[in-house]
Amino acid sequence: MPFQEKNISHFPIIFGRNLLSEVAGFVMPKILVVTMEDLWPLFKNELPNEVEVYLVSSLERSYLESELPKFEHVSSIVGLGGGQAIDVAKYFSWRLNKPLVQFPTSLSVDAVFGHRSGVRENSIVRYVGWAIPQSIYIDYGIIEAAPRLLNVGGIGDVFCFFTGVMDWSYANRQGKCEKRWPYDDSLAQISIRKAERALNSITEIKNLTPLGIEIMVDALKWGGASYHAAGWNPRHIEGVEHFIFYALEAQTGKKFLHGQAVCLGLILGSMMHQQRTEVLLEALVQLGLDIRPESMGLSWEEVNSTMMNLKEFVHRENLPYGISNDFHVTNSFLNRARQQIESAFE
Ligand SMILES: [Zn+2]
Numbered sequence: 102m103p104f105q106e107k108n109i110s111h112f113p114i115i116f117g118r119n120l121l122s123e124v125a126g127f128v129m130p131k132i133l134v135v136t137m138e139d140l141w142p143l144f145k146n147e148l149p150n151e152v153e154v155y156l157v158s159s160l161e162r163s164y165l166e167s168e169l170p171k172f173e174h175v176s177s178i179v180g181l182g183g184g185q186a187i188d189v190a191k192y193f194s195w196r197l198n199k200p201l202v203q204f205p206t207s208l209s210v211d212a213v214f215g216h217r218s219g220v221r222e223n224s225i226v227r228y229v230g231w232a233i234p235q236s237i238y239i240d241y242g243i244i245e246a247a248p249r250l251l252n253v254g255g256i257g258d259v260f261c262f263f264t265g266v267m268d269w270s271y272a273n274r275q276g277k278c279e280k281r282w283p284y285d286d287s288l289a290q291i292s293i294r295k296a297e298r299a300l301n302s303i304t305e306i307k308n309l310t311p312l313g314i315e316i317m318v319d320a321l322k323w324g325g326a327s328y329h330a331a332g333w334n335p336r337h338i339e340g341v342e343h344f345i346f347y348a349l350e351a352q353t354g355k356k357f358l359h360g361q362a363v364c365l366g367l368i369l370g371s372m373m374h375q376q377r378t379e380v381l382l383e384a385l386v387q388l389g390l391d392i393r394p395e396s397m398g399l400s401w402e403e404v405n406s407t408m409m410n411l412k413e414f415v416h417r418e419n420l421p422y423g424i425s426n427d428f429h430v431t432n433s434f435l436n437r438a439r440q441q442i443e444s445a446f447e
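Count along the sequence shown from 1, add 101, and you get the number used in this note's numbering.
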């Protein structure tokens, strides 16, 4: 049976303005607001005086567990932030069994639309938990005020559908799809349609018009919620581009803006597949989303050695089968990538 998109409709999303100041009127008192230190001063005046606030300092699961007893008395949880605050809000909501509403402050990642929380166990990311917010509030004013790079960086969690599907259909052609995730074209085509819509609306997204925001949110919701709806299957939503990002983090120990590093992986991955590279690169240039290594504190040498080790990395991490398992990374490939990316952003 073809996959039904309505399977992800249980993540209600409300668009509007001045939504945060409505919290006093509808969220059950004894509210815990989970946010970040730099965000709190920007928003505290819009929230009732009596809310309690939790400023996220760590994503370590054992640490979060030790914080739980402090908040057993709260009645509801409001997540307010980009990725980390949203993830901790989900975790607390799950572990304390309290209703949750989410206010993403940028379009940086798809975390707000996923059931599980990206916490860390000894610094290694683990996706655990179950949280479906009563509602997700997309406040245009809040999104518009976020740093540009955070918002446009969200395109990484949308364009990854392209390379994710390239990897999945590659695995299918090689007869190497995981048994639990046989290739499903109905699922793949929904991903492609959503990524195409974003690709064809780059100006709207660049200018963060209501339509541009709506297109991003619709795609990010797909990326977050369809993982579960497809039976905890990630194959239609991510692939080589995220694997390169994970490998960069693991190899260099550096932290990146998610969308920036994923989009570097996107272009390298699309070159490995020899599909869509020019059009994707052009879209990133239009968005002003710089993916040159130096823009994220990396050198080409670090990128090159990460790419040289990619095959070994995906094997060791037991990541889903794709182009990274077979592609022979050569010096001439790396030189071509460097030349293409550098000249695009000159
Ligand atoms: Zn991502």
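For each residue, glycine too, the CB sits at the ideal point set by N, CA and C.
Contact between tyrosine 347 and glycine 215 is absent: CB atoms are separated by about 17 angstroms, not below the 8 angstroms threshold.
Taking a contact to require three or more Cβ pairs closer than 8 angstroms, the segment 343-363 and the segment 274-284 do not qualify as touching.
For aspartate 285, no beta strand (DSSP E) segment is defined, and its DSSP state is neither H nor E. Contact between the segment 309-321 and the segment 387-403 is not established, with fewer than three Cβ pairs separated by less than 8 angstroms. Going by C-alpha positions, isoleucine 244 is about 42 angstroms away from glutamine 275. Comparing alpha-carbon positions, the option among Gly182, Val175 and His429 lying closest to leucine 369 turns out to be His429. Excluding its 5 nearest sequence neighbours in each direction, valine 386 has C-beta neighbours in its own chain below 8 angstroms: Ala445 and Phe446, listed in chain order.
Between glutamate 297 and tyrosine 271, the alpha-carbon positions lie close to 19 angstroms from each other.
Taking all protein chains shown into account, asparagine 419 has fewer than 16 neighbouring C-beta atoms within 10 Å of its C-beta and is therefore exposed. The beta carbon of leucine 309 lies closer than 7 angstroms to those of Ile244, Glu245 and Asn252 in the same chain, with the five residues before and after it left out. In the structure shown, the three-state DSSP call for arginine 118 is coil. For the pair asparagine 301 and histidine 111, the Cα-to-Cα distance works out to about 27 angstroms. Shown here for proline 205: same chain residues with a beta carbon closer than 6 angstroms to its own, the five before and five after excluded, namely Val213 in chain order. Counting C-beta atoms within 10 angstroms of its own C-beta, glycine 126 has fewer than 16 neighbours from the protein chains shown and is therefore classed as exposed. Relative to ligand 1, glycine 265 has its C-beta separated by 7 angstroms or more from all heavy atoms.
Annotated three-state conformation of threonine 304 is helix, per DSSP.
Under DSSP, the beta-bridge partners assigned to proline 205 are Gly182. When beta bridges are read from the DSSP output, aspartate 240 appears opposite Gly117. Taken in chain order, the complete beta strand (DSSP E) segments of 3 or more residues contained in the segment 310-355 number zero; there are none. Short of 7 angstroms from the beta carbon of isoleucine 187, and not among the five residues preceding or following it, lie these beta carbons of its own chain, in chain order: Gly180, Gln203, Pro205, Ala212 and Val213. Taking a cut-off of 8 angstroms on C-beta distances, the segment 164-175 does not touch the segment 105-119, as fewer than three cross pairs fall below it. Between ligand 1 and valine 229, a heavy atom-to-CB distance of less than 7 angstroms is absent. Relative to leucine 208, the option among Tyr238, Ser159 and Glu413 whose CA is nearest is Tyr238.
Contact between serine 218 and valine 229 holds: CB atoms are separated by about 6 angstroms, below the 8 angstroms threshold.
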